[in-house]
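Note that this note's numbering has the sequence shown beginning at -1, numbered continuously upward. By construction, the Cβ of each residue, glycine as well, lies at the ideal position given by its N, Cα and C atoms. First the structure, in the form of structure tokens, and then the observations on it.
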Amino acid sequence: MKIVYFDCFSGISGDMTVGALLDAGLNLETLEKELKKLGLTGYQLEVNKVVKKGISATKFKVKIKEEGVERRFKDILTILEKSKLDEVIKRETKKIFFNIAQAESIIHQKDIDKIHFHEIGGLDSVIDITSAVIGIKTLGIEEIYSSALPVGKGFVKCAHGVIPVPAPATLELLKNIPTYSGGIESEMITPTGAAIISTLAKSFGERPLMKIER
-1 MKIVYFDCFS GISGDMTVGA LLDAGLNLET LEKELKKLGL TGYQLEVNKV VKKGISATKF
59 KVKIKEEGVE RRFKDILTIL EKSKLDEVIK RETKKIFFNI AQAESIIHQK DIDKIHFHEI
119 GGLDSVIDIT SAVIGIKTLG IEEIYSSALP VGKGFVKCAH GVIPVPAPAT LELLKNIPTY
179 SGGIESEMIT PTGAAIISTL AKSFGERPLM KIER
């Protein structure tokens, strides 16, 4: 059985997740080929090797042309349903976006159908989340585990203004998941990262019994 363990000592976001999967063996050309099945344009993938604190890693970034585009939950569903992606990838990606929509619905006290995604509805977030699911499916990962999550502290600027860290949507997504401050004044867990890991991880805590491959 192929297992992946996310050691989120420095947090998690959508682009961090994809970068980690690329380091774990996801082929960039395969990812680009799969993403074309979404039928979306106006974006470019930027992948670079970086060294931080003496440790090499892969930095993944989605560069987009659109600005200020807000999508509703049903808009995202339409994109996925019309795509030519594998049905398993569609299903898991929909689950992640549903959980985001549900969290926003609770926070704003609105029906899911009336929820407008702001940052998460941007093209870069759509690509990040879909890429993460593509990576997990392509690598043949059967089970996902994660460490407890450091949420950070301080404040972050978003579409609603300056809000405390972790953001309300992040907090809602992380219900019943072990978290800690981490002591760093920064947003260490983004809503996108929280949605991906809370939806896909089987459990949180110590690393399970496993043999390390990569």
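| Asked | Found |
| --- | --- |
| Compare the Cα-Cα distances from T190 to each of A167, S201, E204 and A199 and report the closest residue. | A167 |
| State whether the stretch 46 to 62 contacts the stretch 90 to 97, with contact taken as three or more CB pairs (one from each stretch) at a distance under 8 Å. | no |
| Quick check: the Cα distance between K63 and I74, rounded to an integer number of angstroms? | 18 Å |
| What did DSSP end up calling E102 once you bin it into helix, strand or coil? | helix |
| What are the uninterrupted segments assigned as alpha helix (DSSP H) that are 4 or more residues long and contained completely in the stretch 166 to 210, given in chain order? | 166 to 171 and 189 to 198 |
| Short check: CB of Y41 to CB of K61, under 9 Å? | yes |
| In chain order, what residues of the same chain have a beta carbon less than 6 Å from the beta carbon of M213, not counting five sequence neighbours either side? | Any answer about residue 213 is impossible in this case: the structure gives the chain only from -1 up to 212. |
| Which term fits S81, buried or exposed, when burial requires 16 or more other beta carbons within 10 angstroms of its beta carbon? | buried |
| By how many angstroms is the C-alpha of T197 removed from the C-alpha of Q100? | 12 Å |
| Do F71 and I105 come within 9 Å of each other at the CB atom, strictly closer than that value? | no |
| Within 10 angstroms of the Cβ of P206, are there 16 or more other Cβ atoms? Answer buried if so, exposed if not. | exposed |
| In or out: R212 buried (at least 16 other Cβ within 10 Å) or exposed? | exposed |
| Can you list, in chain order, the stretches of the beta strand (DSSP E) that have 3 or more residues and sit fully within the stretch 46 to 72? | 53 to 62 |
| Using the three-state DSSP reduction, which class does E140 fall into: helix, strand or coil? | coil |
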